[in-house]
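As given, the protein sequences belong to chains A and B, one line each in that order. Quick note, the first sequence lines up with residues 1044 to 1131 if you use my numbering. Quick note, the second sequence lines up with residues 242 to 762 if you use my numbering.
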Amino acid sequence: MADDVHEIEDRILAYVRAELLASGETVGREDDLLSELLDSVAVLRLAGFVDQEFGLTTRPQDFVVENFESAASIARYIRRSHTARQGG
Amino acid sequence: MIVEAAQHRAESVAVRCGGESLLYGELLLRAGAVAHTLRDLGVRRQDRVAVLVGKGFAVPASFYGVLAAGATLVPIDPNSPVRQIVRILRAVGARHLVTEPKRAGVVAEALGHCPDVAHVVGLEEIEGRDDVFCMPWNEVGTRHETELPDIAVLASDPSYVLHTSGSTGVPKLIRHTHSSAMSFVGWAADEYSLTPDDRLSNHASHHTCFATFDFYAAAYAGAATVVLTPAVLKMPGSLSALMERERLSVWYSVPTALVQLSLRGVLEARDLSALRWILFAGETFPEKHLRRLRQQLPGARFSHVYGSTEVNVCTCYHLPEQEAPSPLPIGRPCANAIADVVDEELRPVADGEEGELLICGDTVMSGYWNEPGETAASSEQVFVRRPAGGGFENVFFRTGDRVRRLADGNLTFGGRADDQIKVRGHRVELGEVESALLSVEGVEHAAAFAVPDSEGSSKILAAVVGSVGSADTVVAQLRGRLPVHAVPSRVELLDTLPRTPTGKVDRKALRRSARTEERKG
Chain A
1044 MADDVHEIED RILAYVRAEL LASGETVGRE DDLLSELLDS VAVLRLAGFV DQEFGLTTRP
1104 QDFVVENFES AASIARYIRR SHTARQGG
Chain B
242 MIVEAAQHRA ESVAVRCGGE SLLYGELLLR AGAVAHTLRD LGVRRQDRVA VLVGKGFAVP
302 ASFYGVLAAG ATLVPIDPNS PVRQIVRILR AVGARHLVTE PKRAGVVAEA LGHCPDVAHV
362 VGLEEIEGRD DVFCMPWNEV GTRHETELPD IAVLASDPSY VLHTSGSTGV PKLIRHTHSS
422 AMSFVGWAAD EYSLTPDDRL SNHASHHTCF ATFDFYAAAY AGAATVVLTP AVLKMPGSLS
482 ALMERERLSV WYSVPTALVQ LSLRGVLEAR DLSALRWILF AGETFPEKHL RRLRQQLPGA
542 RFSHVYGSTE VNVCTCYHLP EQEAPSPLPI GRPCANAIAD VVDEELRPVA DGEEGELLIC
602 GDTVMSGYWN EPGETAASSE QVFVRRPAGG GFENVFFRTG DRVRRLADGN LTFGGRADDQ
662 IKVRGHRVEL GEVESALLSV EGVEHAAAFA VPDSEGSSKI LAAVVGSVGS ADTVVAQLRG
722 RLPVHAVPSR VELLDTLPRT PTGKVDRKAL RRSARTEERK G
């Protein structure tokens, strides 16, 4: 399961590095994406990527700091959403 | 100002940030510590002290500390590219910089190009720079003087120099005096009846004129400022939760932020009944979004505020309870301003006719900071002297904004006279974006143009001609050179640029083809 989480985090980080950051900028799994790294437009693009890539529909009430702070918190949010869907 | 608040309300909250409070008594101590430290480091009246910090308690502590030292505050946008920071530091001739540990890398790089900056407050050291004297915050904090330095400061002394984003070339450096700042602050506190019970939002970065209201007007009234951190501002659902938790009563921002709140802020789930005033400025508020937001926040009054960094706020329009007129007026001149609408020869035009807005008022800047060769903006070009009788003159500021005066005295905004546009509330000169594009290797011709985005603001697109690998490489190179909001969201590679018959780049044609493209996509 830890591998799954890491795989999700890596896919998110790959997207962030390739599409949202200036060349040469680095980012890790736990790094704060919101404070300075990404601007508001980039955050929206990231949320769009997460929805599309992982089959979610992020509702406004899910679009909060706790869920999008870092690659790790996005991965937790994705897993929670998947579990909730399977359970429900 | 804070001395008074601190004496009467030492135990009242001055600033809230990240769930923590800074009381007026504590703020006075921190500001005093900064002021005495700066004096000891040689700061004297009218010296420029640059402040490069992100949102947090360091903002008010350094703001009031620099002013209490008798110096001129130069707040720098922490998101500026290094070359921009260098330009500002050099242009104002700063010898002292106040910053924080997380900016050590940027500061070290910038100071490599700024030999005059000899003192840095907020860092332990700068690697390889023994010649720069550094004093970390914990050492500043050991000073516990209850009195501020005893210094004579004149109302006509410069209080702060604010900068515009100045995409590539050169930022405009706008110099205000204590008098122009306080005129705005006093007017704002009065107009919106601010009291010690109020809690004002701080949405904008500390280097903007919005922050003047957020911090100084709050302190003037003994109210609290609630700092909205960048992470929260990008998440409307978190933002509205914080507004509820902090019981915000006065909000001031660009419309974009409010559009986001309205669209994604789950406002129906929040109790924002404490919110009594919403002020917005800097851009047109798209009517459908404004209408919806007013329905979502029925208890709040809305005020459309107009001005620029050069003049603070000079007109305002309080929306009536019923449906607001369209287009939304920018209102009438404030009590401390006079407005004239003139033609190209600077002659007044009749009511209902469009002309340029001239402003004469107590809140107007004293001028652009102008070191030869360093800044592009010239005070001479924007100030107009008009006879006032008895051999005296009134000095009017040319806003560059096209307006019309309606029969009821309200003004409506009709666009810019030049190529300046607003992107999510940030000023961008398209010409500067074009020079940045041209500085990319291989680019021969470039045109930047604006199209409306889906939320009522503008986005920048660009077309380039030349031998560059791909559009993406051009964009990637711009990211380090321009502030994020000025980077075109799309760059297209063309064989030639469309031209008008007179040989000018045909931006209209570019905009048309961009819209067609978007419809296809």
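The C-beta atom is built at its ideal place from N, Cα and C for all residues, glycine as well.
| chain A contact residues for residue 699(B), given Cβ-Cβ distances below 7 Å | Start at 1 with the first residue of the second sequence, and residue 699(B) comes out as number 458. Going along chain A, no residue has its Cβ under 7 Å from residue 699(B), so there is no contact; the nearest lies around 13 Å.
| task | Under 7 Å Cβ to Cβ from residue 689(B), same chain only, skipping five residues before and after it: list those, please. | result | Here residue 689(B) refers to the residue found at position 448 of the second sequence. 671, 674, 675, 678, 701, 703 and 729, listed in sequence order.
| task | Measure the alpha-carbon distance for residue 365(B) versus residue 350(B) and round it to whole angstroms. | result | For the purposes of this step, residue 365(B) is identified with residue 124 of the second sequence, where counting begins at 1. For the purposes of this step, residue 350(B) is identified with residue 109 of the second sequence, where counting begins at 1. Between residue 365(B) and residue 350(B), the C-alpha separation is close to 16 Å.
| query | To the nearest angstrom, how far is it from the Cα of residue 668(B) to the Cα of residue 693(B)? | reply | Within the second sequence, the letter at position 427 stands for residue 668(B). Within the second sequence, the letter at position 452 stands for residue 693(B). Cα to Cα, residue 668(B) sits roughly 15 Å from residue 693(B).
| request: Reducing DSSP to helix, strand and coil, say where residue 558(B) ends up. | output: For this step, residue 558(B) is matched to residue 317 along the second sequence. Note: residue 558(B) maps to strand in three-state DSSP.
| task | Would you grab the beta carbon distance between residue 307(B) and residue 292(B) for me? Rounded to a whole angstrom, and I think it's under 8 Å. | result | Walking along the second sequence from the start, residue 307(B) turns up at place 66. Walking along the second sequence from the start, residue 292(B) turns up at place 51. Residue 307(B) to residue 292(B), Cβ: 7 Å. Contact.
| task | Identify, in the order they occur along the chain, each residue of the same chain with its Cβ nearer than 8 Å to the Cβ of residue 264(B), setting aside the five sequence neighbours on each side. | result | By 1-based counting over the second sequence, the position of residue 264(B) is 23. Excluding residues within five positions, the ones whose Cβ falls inside 8 Å are 251, 252, 253, 254 and 255.
| query | What does a CB cutoff of less than 6 Å around residue 650(B) pick up in its chain, not counting 5 residues either side in sequence? | reply | Indexing the second sequence from 1 puts residue 650(B) at position 409. Taking residue 650(B) as the centre and dropping the five residues before and after it, the same chain places the C-beta of 573 closer than 6 Å to its C-beta, in chain order.
| request: Flag this pair as yes or no: are the beta carbons of residue 538(B) and residue 513(B) separated by less than 8 Å? | output: Reading the second sequence from its first residue, position 297 is the one you call residue 538(B). Reading the second sequence from its first residue, position 272 is the one you call residue 513(B). Yes, the Cβ-Cβ distance between residue 538(B) and residue 513(B) is below 8 Å.
| Closer than 7 Å, Cβ to any Cβ of chain A: which residues of the region 402-426 of chain B, in chain order? | Under the 7 Å Cβ criterion, the region 402-426 of chain B contributes no residue.
| request: Could you tell me if residue 357(B) is buried or exposed, where buried requires 16 or more neighbouring beta carbons within 10 angstroms of its beta carbon? | output: Here residue 357(B) refers to the residue found at position 116 when the second sequence is read from its first residue. The residue in question, residue 357(B), is exposed, as its Cβ has fewer than 16 Cβ neighbours within 10 Å.
| query | Just by C-beta distance, which residues in the region 569-594 of chain B are closer than 9 Å to chain A? | reply | Within the region 569-594 of chain B, no residue has a Cβ that lies closer than 9 Å to any Cβ of chain A.
| query | Got a sec: is the Cβ-Cβ distance from residue 1106(A) to anything in chain B below 8 Å? | reply | By 1-based counting over the first sequence, the position of residue 1106(A) is 63. For residue 1106(A), the closest Cβ of chain B is nearer than 8 Å.
| Positions along the region 472-494 of chain B whose CB lies within less than 8 Å of some CB in chain A | Listed by position, the residues of the region 472-494 of chain B near chain A (Cβ gap below 8 Å) are 472, 473, 474, 475, 476, 477, 478, 479 and 482.
| message | According to DSSP, simplified to helix, strand and coil, what is residue 451(B)? | response | Taking the second sequence and counting its residues from 1, the one referred to as residue 451(B) is at position 210. It is helical.
| query | Between residue 345(B) and chain A, is there a C-beta pair that is closer than 8 Å? | reply | On the second sequence, position 104 is the one that residue 345(B) refers to. Against chain A, the CB of residue 345(B) has no partner CB under 8 Å away; the residue lies outside that interface.
| query | When the Cα of residue 600(B) is compared with those of 610(B), 594(B) and 550(B), which residue comes out closest? | reply | Translated into the one-based positions of the second sequence, residue 600(B) becomes position 359. Of the candidates 610(B), 594(B) and 550(B), the residue whose Cα lies closest to the Cα of residue 600(B) is 550(B).
| Tell me which same chain residues have a C-beta within less than 7 Å of the C-beta of residue 314(B), skipping the five on either side of it? | Residue 314(B) sits at position 73 when you count from the first residue of the second sequence. Cβ neighbours of residue 314(B) within its own chain (closer than 7 Å, five residues either side excluded): 290, 292, 304, 307, 308, 400 and 401.
| field | alpha helix (DSSP H) segment containing residue 674(B), residue limits | value | Along the second sequence, one-based indexing puts residue 674(B) at 433. For residue 674(B), the enclosing alpha helix (DSSP H) has its first and last residue at 671-679.
| field | Interface residues of chain A facing residue 674(B) [CB-CB closer than 8 Å] | value | On the second sequence, position 433 is the one that residue 674(B) refers to. The contacting residues do not exist; residue 674(B) stays about 16 Å from chain A at best.
| field | Per DSSP, cross-strand counterpart(s) of residue 635(B) | value | Locating residue 635(B) in the second sequence gives position 394, where the first residue counts as 1. Residue 635(B) pairs with 627(B).
| From the beta carbon of residue 1065(A), is the nearest beta carbon of chain B less than 8 Å away? | Taking the first sequence and counting its residues from 1, one reaches residue 1065(A) at position 22. It does: the Cβ of residue 1065(A) has a partner Cβ on chain B nearer than 8 Å.
| query | Quick one: is residue 1073(A) buried, meaning 16 or more other Cβ sit within 10 Å of its Cβ, or exposed? | reply | Residue numbering aside, residue 1073(A) sits at position 30 when the first sequence is read from its first letter. Result: exposed.
| message | Given a cut-off of 8 Å on the beta-carbon distance, is the pair residue 490(B) and residue 603(B) in contact? | response | As a position in the second sequence, residue 490(B) is number 249, starting the count at 1. As a position in the second sequence, residue 603(B) is number 362, starting the count at 1. Between residue 490(B) and residue 603(B), the CB-CB gap reaches or exceeds 8 Å.
| query | What are the residues of the region 1074-1098 of chain A that lie near chain B, defined by any Cβ-Cβ distance shorter than 9 Å? | reply | Residues 1075, 1076, 1077, 1078, 1079, 1081, 1082, 1083, 1084, 1085, 1086 and 1087.
| task | Figure out for me which residue from 1097(A), 1112(A), 1109(A) and 1069(A) has the closest Cα to the Cα of residue 1050(A). | result | As a first step, residue 1050(A) is located in the first sequence; it is residue number 7 there, counting from the start. Nearest in C-alpha terms to residue 1050(A), of all of 1097(A), 1112(A), 1109(A) and 1069(A), is 1097(A).
| said: Does the structure place the region 447-456 of chain B close enough to the region 571-586 of chain B that three or more beta carbon pairs sit under 8 Å? | reply: Touching, no.
| What does DSSP give as the partner residues of residue 486(B) in its beta bridges? | Looking up residue 486(B) in the second sequence gives position 245. Partner residues in a beta bridge of residue 486(B), as assigned by DSSP, do not exist.
| field | residue 337(B), buried or exposed, once every other Cβ within 10 Å from all chains shown has been counted against 16 | value | As a first step, residue 337(B) is located in the second sequence; it is residue number 96 there, counting from the start. Answer is buried; the Cβ neighbour count reaches 16.
| message | Within a Cβ cutoff of 8 Å, which residues of the same chain sit near residue 1090(A), ignoring the five residues on either side of it in sequence? | response | Translated into the one-based positions of the first sequence, residue 1090(A) becomes position 47. Here residue 1090(A) has 1101, 1106 and 1111 as same chain residues with Cβ atoms under 8 Å from its own Cβ, once five neighbours each way along the sequence are excluded.
| task | Pull out every residue of the region 275-308 of chain B whose Cβ sits closer than 7 Å to any Cβ of chain A, in chain order. | result | For the region 275-308 of chain B, the beta-carbon criterion of a distance under 7 Å to any beta-carbon of chain A is satisfied by none of its residues.
| request: Name, going along the chain, the residues of the region 693-725 of chain B whose beta-carbon falls closer than 7 Å to a beta-carbon of chain A. | output: Residues passing the 7 Å Cβ filter: 717, 720, 721 and 725.
| task | Determine the closest residue to residue 1108(A) out of 482(B), 544(B) and 707(B), with distance taken between C-alpha atoms. | result | Walking along the first sequence from the start, residue 1108(A) turns up at place 65. Closest in alpha carbon position to residue 1108(A), among 482(B), 544(B) and 707(B), is 482(B).
| task | Would you list the one or two residues that DSSP bridges to residue 610(B)? | result | Here residue 610(B) refers to the residue found at position 369 when the second sequence is read from its first residue. The partner list for residue 610(B) (beta bridge, DSSP) is empty, contrary to what the question assumes.
| Pairing CB atoms from the region 434-443 of chain B with CB atoms from the region 451-464 of chain B, are three or more of them under 8 Å? | Contact between the region 434-443 of chain B and the region 451-464 of chain B is present: 3 or more CB-CB pairs across the two stretches fall below 8 Å.
| task | Check the Cβ-Cβ distances between residue 1112(A) and every residue of chain B, and say whether any is below 8 Å. | result | Translated into the one-based positions of the first sequence, residue 1112(A) becomes position 69. At a cut-off of 8 Å between beta carbons, residue 1112(A) contacts chain B.
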